[in-house]
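Beneath this line is the structure, given in structure tokens, with notes to follow.
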Amino acid sequence: MHIHLDIVGGIAGDMFCSAMLDAFPELETPLRTFLSSLAIFKKYQLEIKATRQKEILGKQFIVLKNHQAIEDTQHLILTPLKDQSHAIIKNRLISDQHEHYSWQEILTKLEQIKANDKIYQCAKAIYTILAKAESEVHGITLENIGLHEVGADDAIIDIIAAAFLITQSNVSSWSCSALPWGQGTIKCAHGTLPVPAPATLKILTNFQWTYDDEIGERITPTGAAILAWIMQHCSGSINGTLIKSGYGCGNRSFKQKPNIVRANVFTTKPQTDLEHDSVYIIQCDIDDMTAENLAISEDKLRSSSGVIDLVSQQIKGKKGRWMNRIEILCQPDKLTDICHQLFTETTTLGVRYWQVKRSKLPREQITINVAQQSWPVKIATRPNHNFTAKLESDCVQLLQTSYAERQNIKYKIELSALNTYTEQLSHHEKPNEKEIKS
2 MHIHLDIVGG IAGDMFCSAM LDAFPELETP LRTFLSSLAI FKKYQLEIKA TRQKEILGKQ
62 FIVLKNHQAI EDTQHLILTP LKDQSHAIIK NRLISDQHEH YSWQEILTKL EQIKANDKIY
122 QCAKAIYTIL AKAESEVHGI TLENIGLHEV GADDAIIDII AAAFLITQSN VSSWSCSALP
182 WGQGTIKCAH GTLPVPAPAT LKILTNFQWT YDDEIGERIT PTGAAILAWI MQHCSGSING
242 TLIKSGYGCG NRSFKQKPNI VRANVFTTKP QTDLEHDSVY IIQCDIDDMT AENLAISEDK
302 LRSSSGVIDL VSQQIKGKKG RWMNRIEILC QPDKLTDICH QLFTETTTLG VRYWQVKRSK
362 LPREQITINV AQQSWPVKIA TRPNHNFTAK LESDCVQLLQ TSYAERQNIK YKIELSALNT
422 YTEQLSHHEK PNEKEIKS
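With the numbering used here, letter number 15 in the sequence shown gets 16, and the count goes up by one each step, no holes.
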């Protein structure tokens, strides 16, 4: 299933949830049950109601406190924790008659949903995108970010609800329209600024934008973080049959257009049972490092967080020189870190990078016991619903045997893993414990 988001009026956390609930009304009761089980939600209420924007019927997702809609007077919910002399401090404090949460306290609150790992990981990643952007705007670390209590709880509930709807809707890929820039100014925690907010710009770098005549903020930092996460991890293109659309309504009204986000749901063909995401390719050419030094640098780069793969090939460059072209596949959120490390570990003076989409087969890492030894095996599901098994090559490398013997052992382990795995699946017992005994 694929969802294309039309960002008509704009997007915020509550508007995204509204659109998803309008498209998937069957998820409303499970969402209410899930939220009501959380300690953070005990002093809040949830209202999901039908409403209209420019005569378009949609839904509105509203978090209430004492049965009143939450209105956070500070636009940026994340601000530096400071004492009276404006020195940044790390401890919890009271200022401006608002209690603040530290970043660690926010993570503790998110751990309330840790029992459901998919929802927890999604919510944590979205909130981290938001918090990192705010910390970079302020030029401080995450540990020194403070969050206004009301705004923090509202954002946490929006993000947890969004993570629930993302994971429970079983959508395999997402796409979105160009984003409306808006015009005018917003009142933030540290003064009046032009729209979009600084954190929103930081999060949505490399997204396409468009300009219209509507006044006001169109994309909130929370909405931006949700968009950034789904497009980083599950981006794709429209390819299938439109089956329904959901409309999420915002609070404000515009002169020319409805303040809505529209979620268009498409069914996709069976052969697209693939996982989709976006990664970055980073590339540079080096002609002035020895093979010995370059090999050391490449090993360091390969072990860096966010590096998926690194390949190097010889090419002939300017002045007829032989040079090495390094190409790195990296996670989107690590692009800047990897570029910095390339400049640190090599002699290159510049790098090229671009974002690419990729499709991956669903795979599962299992452990199989053969000959009183544990072996990690990767099981991949092919589009025709056949399975293939691959023993980790590092395990084979450790065997003190000949090539022929190693290949024979490898074949037996992979065959044993496949047979046991498919046998358990045929009995509707998917091996959740990640261990199969043979």
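Positions of the beta carbon are idealized from the N, C-alpha and C atoms, including for glycine.
Quick caveat, the model's predicted, so the values are computed rather than measured.
Buried/exposed call for residue i, threshold 16 Cβ in 10 Å
i: LYS125; result: buried
i: ILE12; result: buried
i: HIS341; result: exposed
i: LEU400; result: exposed
i: ALA292; result: exposed
i: PHE31; result: Note on identity: in this sequence residue 31 is Pro, with Phe being the wrong assignment. Looking at its Cβ environment, which holds fewer than 16 other Cβ atoms inside 10 Å, PRO31 is exposed.
i: LEU416; result: exposed
i: VAL453; result: With the chain covering only 2 through 439, there is no way to say anything about residue 453.
i: ILE244; result: exposed
i: PRO195; result: exposed
i: HIS139; result: buried
i: TYR102; result: buried
i: ALA200; result: buried
i: GLU27; result: exposed
i: SER174; result: buried
i: HIS386; result: exposed
i: PRO363; result: exposed
i: ASN420; result: exposed
i: THR223; result: buried
i: SER238; result: exposed
i: SER403; result: exposed
Opposing strand residues paired with residue i [DSSP bridges]
i: ASP7; result: ARG263
i: ILE220; result: ILE12
i: PRO442; result: Residue coverage of the chain in this structure runs from 2 to 439, which leaves residue 442 outside it and unanswerable.
i: ASP278; result: ARG359
i: ALA70; result: LEU65
i: VAL138; result: Note: VAL138 sits in no beta bridge, so no partner.
i: LYS413; result: Looking at the DSSP assignment, LYS413 forms no beta bridge with any residue, so it has no partner.
i: LEU343; result: LEU343 pairs with nothing; no bridge assigned.
i: LEU58; result: ARG53
i: ALA390; result: ILE380
i: THR268; result: THR242
i: TRP323; result: LYS317
First through last residue of the beta strand (DSSP E) which encompasses residue i
i: LEU194; result: 192–195
i: ARG253; result: From DSSP, ARG253 is part of no beta strand (DSSP E); its letter is neither H nor E.
i: VAL352; result: That residue, VAL352, is in no beta strand (DSSP E); it is neither H nor E in DSSP.
i: GLN398; result: Here GLN398 belongs to no beta strand (DSSP E); instead the alpha helix (DSSP H) covers 394–398.
i: VAL371; result: 364–371
i: TRP175; result: 174–177
i: SER403; result: Premise fails: SER403 is in no beta strand (DSSP E) and is neither H nor E.
i: LEU47; result: 45–54
i: GLN209; result: Careful: GLN209 lies outside any beta strand (DSSP E) and carries neither H nor E.
i: THR186; result: 186–189
i: SER313; result: 308–317
Check whether residue i and residue j have beta carbons under 7 Å apart
i: LEU180; j: ILE220; result: yes
i: GLN366; j: LYS379; result: yes
i: LEU302; j: LEU311; result: yes
i: ASP159; j: ASP289; result: no
i: ILE261; j: GLN54; result: yes
i: CYS250; j: THR52; result: yes
i: GLY183; j: GLU135; result: no
i: GLN332; j: GLY307; result: yes
i: VAL371; j: ILE414; result: yes
i: CYS123; j: ILE161; result: no
i: SER465; j: ILE327; result: This structure leaves residue 465 out entirely; the chain is present only between 2 and 439.
i: PHE25; j: ALA163; result: no
i: LYS60; j: ASP118; result: no
i: ALA226; j: ILE141; result: no
i: GLU263; j: ASP7; result: A small correction: the amino acid at residue 263 is Arg; Glu does not occupy that position in the sequence shown. In this structure, ASP7 lies closer than 7 Å to ARG263 by Cβ.
i: VAL9; j: LYS256; result: no
i: HIS5; j: ASN265; result: yes
Own chain residues within Cβ distance below 8 Å of residue i, not counting five before or after
i: LEU65; result: TYR45, GLN46, LEU47, GLU48 and ILE71
i: LYS317; result: TRP323 and MET324
i: ARG359; result: HIS277, ASP278, SER279 and VAL280
i: GLN113; result: LEU39, ALA40 and ILE41
i: LYS411; result: LEU392 and VAL397
i: LEU343; result: ILE283, CYS285, LEU302, ILE327, ILE329, THR349 and VAL352
Range covered by the alpha helix (DSSP H) that runs through residue i
i: PRO31; result: 29–37
i: ALA381; result: First-last for ALA381: 374–382, but that is the beta strand (DSSP E), not the alpha helix (DSSP H).
i: SER298; result: 292–303
i: LYS115; result: LYS115 -> no alpha helix (DSSP H), and no H or E assigned at all.
i: MET16; result: 14–24
i: THR201; result: 199–204
Own chain partners of residue i with C-beta closer than 7 Å, once the 5 adjacent residues on each side are dropped
i: TRP104; result: ALA132, LEU143, GLU144 and ILE146
i: ASN171; result: MET2
i: PHE208; result: LEU180
Nonlocal neighbours in the same chain, by C-beta distance under 6 Å from residue i, ignoring five residues either side
i: GLU56; result: none
i: TYR212; result: TRP182
The ligand MG heavy atom lying under 6 Å from the CB of residue i
i: ASP395; result: In the structure shown, the ligand MG is absent, as is every other ligand, since no ligand is present at all.
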